[in-house]
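**Q** One structure coming up, written as structure tokens, with questions to follow.
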Amino acid sequence: MFLVLLLVVVIAVVSTVALTGHGASVLAARRSRGPGAAPPLHALAAFAAAAALATYAWGVLHVTGAVMASDGGAGSAPAPPCRMPGYEERALHVVDQSVSFLPLGFVCETTDGGDYTSDDVPAWVNPTAAVLALTGAGSAIAAGYATELRNRARRRPATEHSKGVGGPV
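As numbered in my numbering, residues 34 to 202 make up the sequence shown, in order.
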């Protein structure tokens, strides 16, 4: 599990750098493309996706630390991440642990079939990553819509405008 978590972090970091570079190149090339809303929205989508991935990678690093702390050794039953303040009684009944990737967390499973998430991942990570991912997706959709509107406007026949359609007869 440890190697899978590290692989997720490496992929997220590489993708973050790539998306940041893509967003910067879109903004740099904006002058050659002309005015319009699509390039800034496209760049915003890339930057928001990069920030979402960076936030998610930060949370995965916290989960990786919890997994490392729970791997055997003296005093490892129940796993140290499961021994949170307020959960002392439940911690006595922990039989297993797992990792949840959405929402991100270290999950402690109890004998009665229940579970609870440890507080190793900061509380702000999951909501922040979700908001940034939704911002990126919304900006990408809006950029596509703006591009489509601009392309439709270019394809309209020039005769409608030159004949004065809609003007006085």
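Beta carbons are placed, not taken as given, at the ideal position from N, Cα and C, and that holds for glycine.
Every value quoted in this text rests on a predicted model; they were computed, and no experiment measured them.
For G119, count neighbouring C-beta atoms within 10 Å of its own C-beta (all shown protein chains included) and say buried if the count is 16 or more, exposed if not.
**A** Position 86 of the sequence shown, counted from the first residue, corresponds to residue 119. By the neighbour-count rule (16 or more Cβ atoms within 10 Å), G119 is not buried but exposed.
**Q** Shortest alpha-carbon distance to S131 belongs to which of D104, L125, M117?
**A** Locating residue 131 in the sequence shown gives position 98, counting from the first residue. The option with the nearest alpha carbon to S131 is D104.
**Q** Mind checking who C141 pairs with in its DSSP beta bridge?
**A** Sequence index remark: in the sequence shown, residue 141 carries index 108 (1-based). DSSP output for C141 lists Q130, Y149 as bridge partner(s).
**Q** Comparing alpha-carbon positions, which option in R185, T144, D152 lies nearest P113?
**A** In the sequence shown, residue 113 corresponds to position 80, counting from 1. It is D152.
**Q** Would you call the CB atoms of L77 and A176 closer than 9 Å?
**A** Within the sequence shown, residue 77 is the residue found at index 44, counting from 1. Within the sequence shown, residue 176 is the residue found at index 143, counting from 1. Contact flag set, yes.
**Q** Since A179 and A71 are thought to touch, with beta carbons under 8 Å apart, how far apart are those beta carbons, to the nearest angstrom?
**A** Within the sequence shown, numbered from 1, the residue matching residue 179 stands at position 146. Within the sequence shown, numbered from 1, the residue matching residue 71 stands at position 38. Confirmed, Cβ separation roughly 4 Å.
**Q** Report back the beta-carbon spacing between L135 and A85 to the nearest angstrom; my notes put them in contact at under 8 Å.
**A** The residue given as residue 135 occupies position 102 in the sequence shown. The residue given as residue 85 occupies position 52 in the sequence shown. Between A85 and L135 the Cβ distance is about 12 Å, and since that is not below 8 Å, they are no contact.
**Q** Would you check if the stretch 46-55 and the stretch 91-103 touch, i.e. whether three or more CB-CB distances between them fall below 8 Å?
**A** No, they do not touch.
**Q** Here's a check: name, in chain order, each residue in its chain whose Cβ is nearer than 6 Å to the Cβ of F80, leaving out the five neighbours to either side.
**A** The sequence position of residue 80 within the sequence shown is 47, counting from 1. So the list reads G56, once near-sequence residues are dropped.
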